[in-house]
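Quick note, the sequence shown lines up with residues 170 to 488 if you use my numbering.
Ideal placement from N, C-alpha and C gives every residue a C-beta, glycine not left out.
Structure record follows, encoded as C-alpha cells.
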Amino acid sequence: MISTKNLISDLNDIPAGWPFEHYLGLSENLDGQDVKIRSIINTREKTPSMFIYFDVNKGIYKFKDFSSGLYGDSLELVKIVFDLKSRGEAVIKLMADYNEHILNNGHNPIIQYKSYSKYKVTDYEIRHWTTIDQKYWTKFNIGSRLLEKYNVAPLEYYKMEKKNEEGIIEKSITIKGFSIYGYFKNDGSIYKIYQPKVSKKKFIKIKNYIQGSEQLKYDKKYLVITSSLKDLMAFNRLKLSDAESIAPDSENTLIPESMLKGIISKYEKVFVLFDNDEAGITSMKKYKEKYGFDYVILNMEKDLSDSIKAHGLTKTRET
C-alpha cells in the first residue's frame, strides 16, 4: 500500500528550484546559481535567451525569456508550459505534479540556497568622442546635443569584478573597445553601459532608472514610452510638438506603478512604442493590460531608430 502521509498541501513545501528543474528538463540541480537555456516559447532560436535565476530578496527562482518578453515565477512558468488561464490552475497543476513526484521518487529536501557571486561594474574611464562614434550615432540622426542632453558618454574601458562572501575579489576583467558608451544620470552616476557591437551583451544594467525621466519638462499633452534610450533620442528627433518620452530599463521589464504614478498623472494620455517584433508587441500588451496604455506598432523597421536610419526623419514622422 502506498503511503500518502508525505504528500504536500502547501506550495511552500515545494523546493524553489524543483518546478524549473522538472518542467524545463534542466541538466543540473538548482542550488542558487543562474542558468541560461534556449527559450521554451521561441523554440527556433539558436542563441539561448531564457534565464533562470534566484531572487535573493524573495527566496524563489524566477525566469525571464528575452526572446518573447515573458517572465515571472514558477506559477507563471506552469501557466505558459501548459497554456493555463489562471495562477489558480497553475497552483493545482504544480501541486499535483509534485505530489506525483513524491509518490515515485520521495520528497525533495528544502535546501539552503547558496549566494553565488556575480560580476559588477566597479570602474570606468570616459574618453573623447571620435569619428567612429559620430558615424554610429548620426546614422539614427542622433547628434552631440542629444547625447549631451541625455548624458551619454563614450568609454575608454570599464572594469568588472566578482567578489566572494567575504568581500575578497575573486576575478577582475577589463573590457575595452571602440564602441562602448556609458549612460549617466544628471548627478554623474552611471546606470547602464551600452555596447552596440556586442551581440550577446549589448546592455549592462548597473542601477534601476527610468531613462529620460530627468529631462521631462511636463509641458506636453502626451507621453510616449519607448523601448530604449536610443529610440527615446530618435523620438526627440521627430520633433513632435505635443509629446515627450521616457524609456524603461528594458523593453521586457514593466516600469513599476510606484515609479510611474508621479509621471503619468501630468499627461492627458500615455502611449507605448516598442519594437514591432513578437517580444516588443508582447511587452506593449502588458502595459495595456496593467495600465491601460494604448500602443503603437510602427510597421517600418524593427524599431524607431532603425526606421529613421532606413527611411529618414520625414517619412518616419509621417508614418
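Apart from sequence neighbours up to five positions away, the residues of its chain that approach GLU214 with a beta-carbon distance below 8 Å are ARG207, SER208, SER236, ordered along the chain.
Residue burial annotation: LYS399 is buried, with at least 16 other C-beta atoms found within 10 angstroms of its C-beta.
Excluding sequence positions up to five before and after SER476, its CB lies within less than 7 Å of the CB of LEU467, MET469, GLU470, THR485, all in the same chain and listed in chain order.
For the set ILE229, LEU180, SER368, THR212, the Cα lying nearest the Cα of ASP200 is the one of ILE229. In the structure shown, ALA403 falls within a helical segment according to DSSP collapsed to helix, strand and coil.
In this structure, DSSP gives ILE373 an extended state, which the three-state scheme calls strand.
Of the other Cβ atoms in all chains shown, 16 or more fall within 10 Å of the Cβ of GLN380; this residue is therefore buried.
Excluding the 5 residues flanking it on each side, ALA479 has same chain C-beta neighbours closer than 8 Å at MET469, GLU470, in chain order.
Boundaries of the alpha helix (DSSP H) harbouring PHE189: 187–193, taken from the DSSP string. The segment 390–399 and the segment 422–441 touch, with three or more beta-carbon pairs separated by less than 8 Å. Inter-residue distance for SER196 and VAL204 is about 10 Å (C-alpha atoms, whole angstroms). When secondary structure is reduced to three states using DSSP, VAL439 falls in the strand class. Beta bridge pairing from DSSP links VAL204 with ILE221.
Taking a cut-off of 8 Å on C-beta distances, the segment 324–339 touches the segment 283–297, as three or more cross pairs fall below it.
The closest CA to that of GLU426, considering only GLY461, GLU413, PHE443, is found on GLY461. Under the three-pair Cβ rule at 8 Å, the segment 339–358 does not count as touching the segment 442–454. Per DSSP, MET329 is one residue of the beta strand (DSSP E) stretching across 321–332. DSSP, read as helix, strand or coil, puts TYR293 in strand. Between THR216 and LYS369 the beta-carbon gap is near 7 Å, inside 8 Å, which marks them as a contact. The C-alpha of LEU473 lies about 18 Å from the C-alpha of ASP411.
Nearest in C-alpha terms to SER414, of all of GLU383, LYS430, ALA185, LYS308, is GLU383. A direct Cα-to-Cα measurement between SER313 and LEU401 gives close to 15 Å. Here PRO365 is exposed. Its C-beta has fewer than 16 other C-beta atoms within 10 Å. Ranking GLY431, TYR456, LEU239, SER243 by CA distance to the CA of GLY257 puts SER243 first.
Shortest Cα-Cα distance from HIS270 to any of LEU407, TYR456, GLU190 involves GLU190.
Counting only residues of its own chain and dropping the five nearest sequence neighbours on each side, ALA322 has a CB closer than 6 Å to the CB of ILE295, GLY351. Note on GLU317: under 16 other CB atoms within 10 angstroms of its CB, so exposed under the neighbour-count rule. Looking at the backbone, the Cα of ASP234 and that of THR422 are separated by about 11 Å.
Annotation for TYR360: the continuous beta strand (DSSP E) segment containing it runs 359–363.
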